[in-house]
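Enquirer: Residue numbers (this note's numbering): 39 to 207. Where a beta carbon is used, it is the ideal one built from N, C-alpha and C, also for glycine.
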Amino acid sequence: MANLIPLADIDPALIEQLLDAAFGPDRFARTAYKVREGTDWLPALSFAALDENDMLAGTIQCWPVALTDPAGRRHPMIMVGPVAVLPDLQGTGFGKALVTASLTAIDPRAPLPQVMIGDADYYGRFFGFSAANTGGWKLPGPWEPARLLCRTANPAVLPQEGMLGPWRG
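1. So the candidates are 75, 80, 120; which of them puts its Cα closest to the Cα of residue 62?
2. Residue 174 and residue 72 - do their beta-carbons sit closer together than 8 Å?
3. Go ahead and pull the three-state DSSP assignment for residue 116.
4. Can you tell me which of the three DSSP states residue 200 falls into?
5. What residue range does the beta strand (DSSP E) around residue 97 cover?
6. Quick check on the burial criterion: 16 or more other C-beta atoms within 10 angstroms. Buried or exposed for residue 132?
7. Tell me the DSSP secondary structure of residue 88 in three-state form.
8. Given this structure, state the Cα-to-Cα distance separating residue 160 from residue 182, to the nearest angstrom.
9. List the whole-angstrom C-beta distance separating residue 196 from residue 151, where the pair is believed to meet the contact cut-off of C-beta under 8 Å.
10. Compute the beta-carbon to beta-carbon distance between residue 102 and residue 80, rounded to the nearest angstrom, for a pair I have assumed lies under 8 Å.
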């Protein structure tokens, strides 16, 4: 079905057009953009999906972010998304293939927690994301607490409280 390739192989203008089509031109006002502001997406974890005609159908980007706890310690994480699929192709499996590719590309020897803003039912059912450990976290803008999701093999490493923002090493 989907042919997945590195996102770095796609013209940045085409990526922006797809994101506009999927989320609208006002997407830059979303809180997720503030969380990853000033950082570049991670090429090894970011992919494009091509349809049967080798046309761009969807993208996923992953970003370096950190949760800063009340003591000022920064806990590195990977922000998954946006997961963007052209509107007329949504629900056909491109998004699921993109998320699977990104999560599979994470090095299992040192997996950082993955965080996203998304639908808990969908991302929980298929990928193990949950809002169970994010109740004390804050974001630099409005958000629905039930949509702030995290996935990790060891929830005990997650701070109970903190502010999520860009990773700047």
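Expert: According to the structure shown:
1. Translated into the one-based positions of the sequence shown, residue 62 becomes position 24. Nearest of 75, 80, 120 to residue 62, Cα basis: 120.
2. Stepping through the sequence shown from its first residue, residue 72 is reached at position 34. Stepping through the sequence shown from its first residue, residue 174 is reached at position 136. Contact check for residue 72 against residue 174 fails: the beta carbons are separated by 8 Å or more.
3. In the sequence shown, residue 116 corresponds to position 78, counting from 1. Of the three classes helix, strand and coil, the one that applies to residue 116 here is strand, per DSSP.
4. The residue labelled residue 200 in the question sits at position 162 within the sequence shown. The answer is strand: DSSP assigns residue 200 an E or B state.
5. Mapped onto the sequence shown, residue 97 falls at position 59. 94-106 is the extent of the beta strand (DSSP E) around residue 97.
6. Within the sequence shown, residue 132 is the residue found at index 94, counting from 1. Buried, since its Cβ has 16 or more Cβ neighbours within 10 Å.
7. Position 50 of the sequence shown, counted from the first residue, corresponds to residue 88. The answer is strand: DSSP assigns residue 88 an E or B state.
8. Within the sequence shown, the letter at position 122 stands for residue 160. Within the sequence shown, the letter at position 144 stands for residue 182. For residue 160 and residue 182, the distance between alpha carbons rounds to 16 Å.
9. Position 158 of the sequence shown holds residue 196. Position 113 of the sequence shown holds residue 151. About 6 Å; that satisfies the 8 Å criterion.
10. Looking up residue 102 in the sequence shown gives position 64. Looking up residue 80 in the sequence shown gives position 42. Residue 80 and residue 102 do touch by the CB rule: their CB atoms are close to 6 Å apart, below 8 Å.
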